[in-house]
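A.B. asks: Numbering (the working numbering), first residue to last: 113 to 222.
For every residue, glycine included, the Cβ atom is placed at its ideal position computed from N, Cα and C.
Have a look at this one before I ask anything.
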């Protein structure tokens, strides 16, 4: 049987942990099946996720806070996400900038 996760409660605990880390982030895998992953992350302002390649299909949901998802190429698109926003991650090299302390949920199809 699958576990039920409370994104707000678990996210706030991760954010508290992230504030103690030099990387400014903490995460936990909530779903880790053969075909899908869901990772909840606490991220502190000024940190983020360095540019990296996109998985086959993924979404980024901002549970709380404010983040910027951007495509790495010059003139690439960007999305500003706030509380409750979700966006599909483009099939391009991309990164995430954390504008305020945030909790995000990354869901990836493998």
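Can you tell me whether DSSP reads residue 190 as helix, strand or coil?
C.D. replies: Three-state DSSP puts residue 190 in a strand.
A.B. asks: Shortest alpha-carbon distance to residue 119 belongs to which of 130, 113, 142 and 128?
C.D. replies: Of 130, 113, 142 and 128, the residue nearest in Cα terms is 142.
A.B. asks: Considering only their Cβ atoms, is the gap separating residue 154 from residue 137 smaller than 8 Å?
C.D. replies: In this structure, residue 154 lies closer than 8 Å to residue 137 by Cβ.
A.B. asks: What's the C-alpha gap between residue 127 and residue 148?
C.D. replies: When rounded, the distance between both Cα atoms is 24 Å.
A.B. asks: Just how far apart, CA to CA, sit residue 202 and residue 132?
C.D. replies: Between residue 202 and residue 132, the C-alpha separation is close to 31 Å.
A.B. asks: Across which residues does DSSP place residue 176 in a beta bridge pair?
C.D. replies: Per DSSP, 215.
A.B. asks: If residue 210 sits next to residue 172, beta carbons under 8 Å apart, how far is it from one beta carbon to the other, in whole angstroms?
C.D. replies: Actually they do not touch by this definition, with Cβ atoms about 12 Å apart.
A.B. asks: Quick one: Cα of residue 135 to Cα of residue 214, how far?
C.D. replies: About 14 Å.
A.B. asks: What is the rounded straight-line gap between the Cα of residue 162 and the Cα of residue 156?
C.D. replies: Roughly 14 Å separates the two Cα atoms.
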